[in-house]
Amino acid sequence: MNKKSLSYKLYTSVITILFIVLVSAAYTVFMINKTQGYAAETKRFWLPSVRIAHDYLEDLTLMRQSTLRIMLAQSEQNRKFFIDKWKSETDEIEKLGSEYAAFITSERERKSYTRLQENWYKFKALNGKVVELGKNGKTKEALNIIRDQTDPLLVGMEEELEKLVEINYKGAVNSTKLGANLTNITTITMIIILIITTIIALVIILIIKNSMGSVASGIENLKMQSVSTNKIAVTLKNSSNSLATSITDQAASIHETSAAINEITSMVNRTTENATQSTIVAKAASEKAEEGQATMKRLVKAMETIQESNVQLQNISVIIGQIHTKTAVINDIVAKTELLSLNASIESARAGEYGKGFAVVAEEVGTLAKISGQSASEIQELINKSLEQVNQILDVTKGRVAEGKKVTTEAKESFLQISDDITNMTNVIHQISEATREQEIGVRQIASAMTQIDKATQNSQAASTSAAESSNKLVEQSDNLDLTAKDIELLVKGSVA
Numbered sequence: 069m070n071k072k073s074l075s076y077k078l079y080t081s082v083i084t085i086l087f088i089v090l091v092s093a094a095y096t097v098f099m100i101n102k103t104q105g106y107a108a109e110t111k112r113f114w115l116p117s118v119r120i121a122h123d124y125l126e127d128l129t130l131m132r133q134s135t136l137r138i139m140l141a142q143s144e145q146n147r148k149f150f151i152d153k154w155k156s157e158t159d160e161i162e163k164l165g166s167e168y169a170a171f172i173t174s175e176r177e178r179k180s181y182t183r184l185q186e187n188w189y190k191f192k193a194l195n196g197k198v199v200e201l202g203k204n205g206k207t208k209e210a211l212n213i214i215r216d217q218t219d220p221l222l223v224g225m226e227e228e229l230e231k232l233v234e235i236n237y238k239g240a241v242n243s244t245k246l247g248a249n250l251t252n253i254t255t256i257t258m259i260i261i262l263i264i265t266t267i268i269a270l271v272i273i274l275i276i277k278n279s280m281g282s283v284a285s286g287i288e289n290l291k292m293q294s295v296s297t298n299k300i301a302v303t304l305k306n307s308s309n310s311l312a313t314s315i316t317d318q319a320a321s322i323h324e325t326s327a328a329i330n331e332i333t334s335m336v337n338r339t340t341e342n343a344t345q346s347t348i349v350a351k352a353a354s355e356k357a358e359e360g361q362a363t364m365k366r367l368v369k370a371m372e373t374i375q376e377s378n379v380q381l382q383n384i385s386v387i388i389g390q391i392h393t394k395t396a397v398i399n400d401i402v403a404k405t406e407l408l409s410l411n412a413s414i415e416s417a418r419a420g421e422y423g424k425g426f427a428v429v430a431e432e433v434g435t436l437a438k439i440s441g442q443s444a445s446e447i448q449e450l451i452n453k454s455l456e457q458v459n460q461i462l463d464v465t466k467g468r469v470a471e472g473k474k475v476t477t478e479a480k481e482s483f484l485q486i487s488d489d490i491t492n493m494t495n496v497i498h499q500i501s502e503a504t505r506e507q508e509i510g511v512r513q514i515a516s517a518m519t520q521i522d523k524a525t526q527n528s529q530a531a532s533t534s535a536a537e538s539s540n541k542l543v544e545q546s547d548n549l550d551l552t553a554k555d556i557e558l559l560v561k562g563s564v565a
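In this note's numbering, the protein residues as written are 69 to 565.
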């Protein structure tokens, strides 16, 4: 079942009471009008009829007295006075009879009125005759008419007037009783309505009291929530300010990181260029190694022909000197490779997590360079030994040519190994170059990501600023909510002294 709101209860209660008041007022007005109708009926019909009947009877009595005084008048002047009075009384009775006709309300009353008027017209005619006789001094005849004819008519008229008075009296009493009954009914009804209204008012008071209790409890909860909301708003405001400060610091850090990444990108580009240059140098060294290999082949052939001519042995000495020179070139390449490996290790260390793989490759290249350097040193030592041996061969005997051939063959094999090492080094440097390119791409992606992060940070900064403004507004709203709660509490509970 849905719980009705306080406004609904108040509206319903007020409408109910208003309806009862309107109904009771309408009923009261109706009953008052009805009572006034009965009173007006009494005033309009019954009382005027009684008054007219009374005046009618009184004028009949006066008219009879005037008739007798006309007959008993001692002077003509007195007789004339009473005749005028008699005529006036006759006209008054005529008038009263006409007026009474307008107040007849029942058939019984109409019949009695008709008999009264019939007797009146007879009485009037006879009474006129009596007056004429009295004027002429025929008093005895006039008295006989009065005794025998007019008095019975007068008695009949008096009886009819009494009946009319009784009818109107009973009508007035009945109308008065009906009005009194309506008044009593109205009084009882109003008492009942007053009791019902009082009961309803008590019920409404109880409902309002209970509702006011709920409202008071709700106001207390509202005040507590207002205080809690205010605390939350203040906390949110402080957090928003702290967040804005942190985002500002973060934005500065991101700008610094972006600058550092740009520097790393520049370093990676230089590393790429160095790797490319190393590849070129390695290719050149490989070509030189191939040339040295071809030279070693020619040396073998020359060693095979040493036996035919010492002049060719001298050429071998020259060739060995050239090999010595080439070996120096190899040593120089190895030194540069070690230097490049060292630079690559340094740059990879600066790159952090992104340069770990590159550091491993640089370390392997350095290791290979050291091995190549050792091999080149060994080759140089062998060449020196070969040169000494060739000189010894040239100085001592041709028998050492075979041994020189053997040493040359070993040098050839060592040179082949050097050529293979240089080829491997070239491949490794190529791999380093490819890895450096990939690293460059990765660094560019990182730079792009940092740019996006920078934009996101700026958006976050704007959002934090907006959140700070919203938190300030929330604080204001919570203050307004607290004021509203206090106003509602004042409205419900009133001011506390």
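For glycine and all other residues, C-beta sits at the position ideal for the given N, C-alpha and C.
Inter-residue spacing [alpha-carbon to alpha-carbon] between residue i and residue j
i	j	result
K203	L130	18 Å
N309	M518	24 Å
K102	G247	7 Å
E167	I260	45 Å
T251	V82	28 Å
K404	V397	11 Å
N452	I509	48 Å
A503	A328	21 Å
V241	I253	18 Å
E358	R366	12 Å
R338	A419	13 Å
L408	V428	14 Å
M292	T257	51 Å
S143	G205	12 Å
S128	E157	It should be noted that the sequence gives Leu, not Ser, for residue 128. Using only the alpha carbons, I get a separation of about 8 Å.
S285	S321	52 Å
V433	D463	43 Å
D219	A210	12 Å
D489	S445	14 Å
S516	S326	9 Å
Q27	T344	What is shown of the chain runs 69 to 565, which leaves residue 27 out entirely.
E372	K473	7 Å
F98	G105	10 Å
N540	N289	23 Å
I567	T255	Residue 567 cannot be examined here, being either before or after the span of the chain that is shown, 69 to 565.
S180	G165	12 Å
N306	D317	16 Å
S416	N330	15 Å
I39	N399	This structure leaves residue 39 out entirely; the chain is present only between 69 and 565.
Neighbourhood of residue i by C-beta, 7 Å cutoff - its chain only, sequence neighbours within 5 removed
i	result
S117	Y168, F171, L232, N236
T297	S546, L549
A566	What is shown of the chain runs 69 to 565, which leaves residue 566 out entirely.
E177	L232, I235
L125	E226, L229
R512	T333
Close Cβ partners of residue i (< 6 Å) along its chain, the five nearest in sequence each way excluded
i	result
R132	none
I267	none
T207	M139
L201	E209, A210
A121	L229, L232, V233
K190	L221
Same chain, Cβ closer than 8 Å to residue i, neighbours up to 5 away in sequence not counted
i	result
A319	D522, T525, Q526, Q529
A269	I85
E431	S409, S413
I264	I88
G224	R183, N187
Min CB distance residue i to chain D below 8 Å
i	result
A530	Protein chain content of the structure displayed is limited to a single chain, and chain D is not contained in it.
Meets three-Cβ-pair contact criterion under 8 Å: the stretch 88–100 and the stretch 131–150: no
The stretch 208–224 touching the stretch 181–195, judged by at least three CB pairs closer than 8 Å: Three or more pairs of CB atoms, one per stretch, sit closer than 8 Å, so the stretch 208–224 contacts the stretch 181–195.
Cβ pair count under 8 Å reaching 3, the stretch 139–153 against the stretch 171–190: no
3 or more residues per run - each beta strand (DSSP E) lying fully within the stretch 279–311: Qualifying beta strand (DSSP E) stretches: none in this window.
Secondary structure, alpha helix (DSSP H): runs of 4+ residues fully inside the stretch 414–483: 424–463
3 or more residues per run - each beta strand (DSSP E) lying fully within the stretch 135–195: As far as the stretch 135–195 is concerned, it has no whole beta strand (DSSP E) run of at least 3 residues.
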